[in-house]
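Notes to accompany the following structure.
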Amino acid sequence: MSARIICRRFSGRSCKAPAFLETETAKSFPHEEESQRIQRRGRDPKLAVVLKAWKPPGYQLHPYPSIFWKSKSLLHKDALQGLGEGALEYVRSRTSVRCIQNAPSVFCLPGLSRTKSMFPDLGNGYAFCTRASPRDSWLRSSVRNDKDEAHSKPQGGKEVARQFQKQRPGYKSLCYNPDERRQPLSAEECHFILQNVSVLKEYMKPKDIVKSFSRLSHLPAEKHREFKSGSRFAVLCQGVAKNARVFGNVELIMLLKAFVALGIPPVHYMLKVLEAEFVRRVEDLSLDQQLLVADLWRCLNCRVPQYLGAMLNDVNVNWKDLSLTQLVQLAYIIGEGRTVPEELAKKLEASALKHLQALNLEEVGIICLGFFKSQSNMSELLLRKIGDKICGSLGDMSSFAIVNVLKMFRGVHLDHLDFLKELGQVIPPRIATLSMPGVMHIAFACSSLHYCDEDILDAIAATVPSKAAVCRTKDIAKLLWSFGTLNYQPPNGEEFYTSLLEQLESRLFEYNKFPEHLITSLIGLAFVERFPYDLLDYTLSPEFIELSSSCKHDLWKDFFTLDGTVGIECPGYTGSRLSSQSKQEMAGKMQNYFLKQEFDAAWSLLEKMLGGPQFVKLHAVLPHVRSVDLEIRLDADRKPLPFNPEGAAGGRLELKKNGTLLTDNIIQRLLKGKSLSPPGQSEKDQYVQERAELRGLPVWKKIEFPDAEPGLETSADGKVEGRPSPINQEQQECVKLALQVTNRNQYRYHSRELLGLHAMKRRQLRRMGYIPVELPFWEWFPLLKCNREEQRKYLYQKVFER
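As structure tokens, then:
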């Protein structure tokens, strides 16, 4: 595939580089295979436009991400119009005085191309440019955020998060207020200041630099771009960088405020210089000043981990002096910075508990948001008190604050029934007014808490089709996962799923950077029996699996589950599948199954009731679901059949009356005095586990995956189900039971409806010829406290009297 691109000289820009030449270039497009695959399915892929300019020796052309993504979305016929004066003005405003070490640049500053002598250290690039690695990292992050989040991030989203700052006068000294009344700058004063800068240049005094920036920040917004693209702006910036250590604390803060008002881009070299200076003198700042500086960096969209780290270390020492407003503003800053030392987080929790009753509803939401974004644990005590405080007042809370509290409940996995019930009354009417990230967080929190409120889910499903185009890939993935996990089909199910599937198929190129979102989406769809073959073929291809190996999330369990599900539920599927070697490697990563007491009790009783271990087998019939079953086989007369070769061979070790079984745990305790058992496990649990290992508990690493024909899946004992073994060659027709010992986590909250994964497992067991037999926790768990005879009668009824 190729495109003809004409590149000409753009007007309105002075540059000491030769003009662009008129060229014709053939360019193969990235992801061409995916585009062709989509085209074969009847869809027209969008053509990306790639600019190719003549580059003379010694010059560097800076590819700017925003222009790249903008041009990528244009069709060929609109390419020349889309890259006119406006596009270059945008580049000019974002790059102002960027350079590359010892190399001329295509984007150069008017009037400064011959003034290298006025900028010290220009040769090494540090005085004029940000360091390469942090800047490149920031740009890459910006590209990712622009591509994945810009679709749906509402304008003014940052302002919504800052509304709490307007509710108390105490916040005025802690944060930047863009609505503060500012004295307008007259044209005469502006001309005088700029003229003064032109004359004095590098000889300006530090106080004059601060005053000039402070007054020029009062320029009308429409004049900002013109000012920032001029040479006098560059002179002022160089003065700031040169005199950073001379400025007083208040002057530095005044400069940051001016930069916020002017909209200085976060990659500007001057900001790195100021961050280093604030880090150096952080202990000299008051707590109010520290919080104000952090807030100004946030308003500039600058990531300043060094400053935040230094500030939080200082706060950690003086945390007892925190006032209510300082606590809330600090929680906001911590959340935006995404990190907090564990020791300080505990201290902040104690402070939040102290001020809880005095906090208003919006401030409660900010406290929760700060803990959630920084991935800090909040105690159940504090979170329950928060739930108690806001119950009865949700109607008075903003949707933003409600979602923040809900995020925290999700993160801690804590249920507060009164809060959830009131949520079901307050939130559904608001769903249509929320941004898609907010809608996603509500759905995802409900699924994490296993809380299925039909009014909430129906409102979400009704809203999604009209807003699907502005969903991020993360929103799509978590919406599909949430509805699949809750195993809920909304009234407009077809419209809901079709709209999201269309978005999945149109954004394949995005999943190269976010593979976890695609596989999460497909598993959520599998829970509700929806299998888009083209996407499955792409996801299970060796290329995509290799691509996902660099993802920060470990996806091997998800690939394992998806592939096994496709093998059973998609008989007509002929696309990519995992190789036996891949499945073997994934099974090798699986932790050995830990047998719980309720499972062990059923296993032991069934062996005695049926006549021996050869009649019952504990293994994973469906290894990809990562749970075990108790299998029993009955003949046509409902008599148990021996089918377990390990049990029939009598290959188990028996404990002697005066002997002790040497297990891994006992050997470890003898050698090191420590146990290999999970933390918090009781001695009874350890005994159950050791006895189960003796009796043949499945070990995932020993699973073998031969190349079985379609429809045959491997079980956890290494045998291919459906292939007869010597012990059961005569059992051509038998009833296969798969007993399921369930627990509370397999069901919706306060319900007896199975969640999506467990409903899918039952469905697949039936497809494999098994009859799932439930031992539900509300029946079996109370019987564990009864005598063995009552337990035996219950199991006999489940096996023989269905």
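Letter by letter, the sequence shown follows residues 1 to 802 of the UniProt record's numbering. Even for Gly, the Cβ is constructed at its ideal location relative to N, Cα and C.
For alanine 620, no alpha helix (DSSP H) encloses it, and the DSSP letter there is neither H nor E. Judged by their CB atoms, leucine 536 and tyrosine 497 are not nearer to each other than the 9 Å cut-off.
Going by beta carbons, proline 437 and aspartate 455 fall outside the 9 Å limit. Around isoleucine 431, the same chain offers Val439, Ala459, Ile460, Thr463 as residues with beta carbons nearer than 7 Å, after the five sequence neighbours per side are excluded. In the structure shown, the three-state DSSP call for glutamine 289 is helix. Within the segment 537-598, the complete alpha helix (DSSP H) runs of at least 4 residues fall at 542-548, 556-569, 580-588. In the three-state reduction of the DSSP assignment, glutamate 631 falls in the strand class. Excluding residues up to 5 positions away in sequence, His218 lie with their Cβ nearer than 7 Å to the Cβ of glutamine 183 in the same chain. In this structure, DSSP gives glutamate 774 an extended state, which the three-state scheme calls strand. Counting C-beta atoms within 10 angstroms of its own C-beta, phenylalanine 192 has fewer than 16 neighbours from the protein chains shown and is therefore classed as exposed. The three-state secondary structure of valine 199, taken from DSSP, is helix.
Boundaries cannot be given for leucine 322, as no beta strand (DSSP E) includes it and DSSP labels it neither H nor E. As the crow flies, the alpha-carbon of asparagine 301 is around 14 Å from that of leucine 292. Here valine 304 carries a coil assignment [DSSP, helix/strand/coil]. A distance below 8 Å between beta-carbons, with the five flanking residues on each side excluded, links arginine 744 to the following residues of its chain, in chain order: Phe777. Cβ atoms of leucine 394 and isoleucine 402 come within 8 Å of each other, at about 6 Å. Serine 351 and proline 169 have their C-alpha atoms some 20 Å from each other. Counting only the Cα atoms, leucine 381 lies some 34 Å from glutamate 283. With a threshold of 16 other beta carbon atoms within 10 Å, glutamate 342 falls short and is exposed. Ranking Thr539, Cys175, Lys211 by CA distance to the CA of cysteine 190 puts Lys211 first. Beta-bridge partners of leucine 361 (DSSP): none assigned. Closest by C-alpha distance to glutamate 801, out of Leu555, Leu757, Leu737, Leu784, is Leu737. In this structure, histidine 355 sits away from leucine 406, with a CB-CB distance that is not shorter than 9 Å.
Membership of glutamine 163 in any beta strand (DSSP E) is not indicated, and neither H nor E is assigned to it by DSSP.
Within the segment 482-506, the runs of alpha helix (DSSP H) at least 4 residues long that lie entirely inside it are, in chain order, 493-506.
Where alanine 526 is concerned, there is no enclosing beta strand (DSSP E), although the alpha helix (DSSP H) around it starts and stops at 515-527. According to DSSP, valine 315 shares a beta bridge with no other residue. In this structure, leucine 784 sits near glutamate 598, with a CB-CB distance shorter than 9 Å.
With a threshold of 16 other beta carbon atoms within 10 Å, histidine 624 meets it and is buried. Shown here, leucine 754 sits in a strand according to DSSP, grouped into three states. For lysine 205, no beta strand (DSSP E) encloses it, and the DSSP letter there is neither H nor E.
In the structure shown, the three-state DSSP call for glutamine 238 is helix. If you draw a straight line from the Cα of methionine 408 to the Cα of glycine 392, it comes to about 19 Å.
Under DSSP, leucine 739 shares a beta bridge with Leu630, Val773. With 16 or more other Cβ atoms from the protein chains shown falling within 10 Å of its own Cβ, arginine 472 counts as buried. The Cβ atoms of glycine 564 and aspartate 534 do not sit closer than 9 Å to each other.
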